[in-house]
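Written below as structure tokens is the structure these notes are about.
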Amino acid sequence: MINLKLLKENPEIIRQAVKNRSENLDLDEIIELDKLRRTGITKIQNLKKERNEISEKVGKLKQQGKNPQELMEKARDLSNTTKDSEKKQREIEDRFTKAVQWIPNIPHESVPIGKGSEENQFIRGLKEPPKSDFHVLTHWEIAEALDILDIKRAPKISGSRFILYKGLGAKLERALINFFLDLHTKKHGYIEIFPPVLNPTHCLYGTGQLPKLEDDMYKCRDDDFYLSPTAEVPLTNIHRDEIIPEKKLPICYAAYTPCFRREAGSYGKDVRGIKRVHQFNKVELVKYTKPENGYEDFEKLLSDAEEATKLLGLPYRIKVLCTSDMTFASSKTYDIEIYAAGMKEWLEVSSVSIYEQYQARRANIRYRKNEGDVDFVYTMNGSGLATPRVFIAILENYQTKHGQIKIPEVLRSYMDGQEFIG
RNA sequence: GGAGAGGUGUCCGAGCGGCCUAAGGAGCACGAUUGGAAAUCGUGUAUUUAUCGAAAGGUGGAUCGUGGGUUCAAAUCCCACCCUCUCCGCCA
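Sequential numbering from 682 applies to the first sequence in this note's numbering.
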């Protein structure tokens, strides 16, 4: 949630942000609603004040053994008017709360203003994809040849866009997860978490997936749960409704979880292989920090994720997303992309975002400064990394001309020392 | 799923219709004492929101699991829901 004071004091900032993000939003309606809401609050508070004063008098008189009939009647009338007003007020507040959820975050000033992915800016990494001196098979071709993915049978179990890892494929997947977790917990100092991935509605509002991404998630029919689309949801909600002492910040969590996405609206796109699937594995990094350290910690989070790609020896590049390409709750987002030599495509393996106080406001996560003041924390997160695309990149970039896959050195200890698949 | 007990401030814990801006204790912060510390004593110790103010701050409202209700008045009474614990049943 944005700072609601902006609605009253500086709506132009919001208007500009909405425009830069190419979002469609009737801000004037929300501003009007806010005004209506505030006058309503003032009115009700005055009524209550009067009622409280009378009640107090009544109490005193009764203790003196009197029966202040008239005062009681007056108070009853006041009470009834108040209740009527409150009913109306509740409706307004409801509408307001819902509407406010649709206001996106304000982009950071360093974010390029742009309308689409062409306007994302290259930050660092490879400018050109590396060349290979033989014909590189796509991951689905070589995976089938080596029998490490069962692409034909996965649909029998769950339908299209699901992955069935098999044999050394399954082992490689597990190796990746362990490698990522070890890297971030042992070397980068994150605390490992293994959270539940069925999360209730309010958690998804907290992190900003709802209301906008309703159609992109799986919802349980009989219970109020969504299958978490990312560990960002449980990890950020760990400290919901808390006031964290300043000395405990920053808090850094790393978690492996499966992630579930409906991929609605992508029918017919990326249907081959395992690039776009409904269930995938990811190690997610989440940090809670003090505002003044926010952007410094954010850069560090990016480099923590980047290091995973580096250690795997995969060709990568990093971009900063322009205003229209960022997710709705983000102030600034970097994407790490790795090159897949078989598909001849750059694949997004990590999206690193800072939300400033946007999520913290929604989820009510605050910290107490050493001096005693309370303020919202900054939250940020990034994949470190998402496995299917890393898996693709290993199959396509570590391929030999004899149709084998060389296992990246950092993974070998997780693969019983094995050097090759095939 | 059934039966029972309970959810109060940072924590423990009292309160069971008006004086609750929540007793008492612990913790924490500051001060006194001390050569220094412990102990002791003193002082302070929530959040949120509306409004006025440049700000410091002032004036109100709200908050005792959540949401309704009764009442002039609710932490306290009633209803529903959520969570925790104990026992029973069922089940990986």
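Built from N, CA and C at the ideal position, the CB exists for glycine as well.
It should be emphasised that the depicted structure is a prediction, and the values quoted were computed from it without experimental measurement.
If you count every other CB in all the chains shown that lies within 10 Å of the CB of H1083, and 16 or more means buried, which is it?
-> Counting Cβ neighbours within 10 Å, H1083 comes out exposed, since fewer than 16 surround it.
Exposed or buried, which one is N691 when buried takes at least 16 other CB atoms within 10 Å?
-> In summary, N691 is exposed, with fewer than 16 beta-carbon neighbours lying within 10 Å of its beta-carbon over all protein chains present.
Note the first and the last residue of the continuous beta strand (DSSP E) segment covering V1033.
-> Where V1033 is concerned, the enclosing beta strand (DSSP E) stretches over E1026 to E1037.
Where do the ends of the beta strand (DSSP E) carrying F803 lie?
-> Counting along the chain, the beta strand (DSSP E) containing F803 begins and ends at Q802 to G806.
The beta strand (DSSP E) spanning N962 covers which residue range?
-> That run of the beta strand (DSSP E) goes Q960 to T970.
In the structure shown, what three-state DSSP assignment does M1096 receive?
-> Helix at M1096.
Hey, would you say V1091 sits closer than 7 Å to L966, going by beta carbons?
-> Cβ atoms of V1091 and L966: not closer than 7 Å.
Alpha-carbon to alpha-carbon, L685 and E710 = Distance from the CA atom of E710 to the CA atom of L685, rounded to whole angstroms, is 14 Å.
Once you ignore the five residues that flank A756 on each side, which residues in its own chain have a CB closer than 8 Å to its CB?
-> Same-chain partners within the cutoff: R732, I735, S736 and V739.
Tell me whether S813 is buried or exposed, calling it buried when 16 or more other Cβ atoms sit within 10 Å of its Cβ.
-> With fewer than 16 Cβ atoms within 10 Å of its Cβ, S813 is classed as exposed.
For E734, which of helix, strand or coil comes out of DSSP?
-> Helix at E734.
In whole angstroms, what separates the C-alpha of T1008 from that of N761?
-> Answer to the nearest angstrom: the Cα atoms are 45 Å apart.
Taking the Cβ atom as the reference point for each residue, do N1078 and A1022 lie within a distance shorter than 7 Å?
-> Going by C-beta atoms, N1078 is nearer than 7 Å to A1022.
The beta strand (DSSP E) spanning P926 covers which residue range?
-> Element bounds for P926: E923 to P926.
Bridge partners - N1062, DSSP secondary structure assignment | According to DSSP, which records beta bridges pairwise, N1062 is partnered with V967 and S1034.
Sequence ranges, beta strand (DSSP E) only - wholly within the region 834-898, length at least 3 | As far as the region 834-898 is concerned, its whole beta strand (DSSP E) runs of at least 3 residues are 872-874.
Buried or exposed: Y948, going by 16 or more other Cβ atoms within 10 Å of its Cβ?
-> Under the 10 Å beta carbon count, Y948 is surrounded by fewer than 16 other beta carbons and is classified as exposed.
Can you tell me the Cα-Cα spacing of D831 and W821, whole angstroms?
-> Straight-line Cα distance between these residues: approximately 9 Å.
Label N1051 either buried or exposed according to how many other C-beta atoms from any shown protein chain fall within 10 Å of its C-beta, with 16 as the threshold for buried.
-> Taking a 10 Å sphere around the C-beta of N1051, we find fewer than 16 other C-beta atoms and assign the residue as exposed.
To which residues of the same chain is V878 closer than 6 Å at the C-beta, ignoring the five residues directly before and after it?
-> S909 and T938, listed in sequence order.
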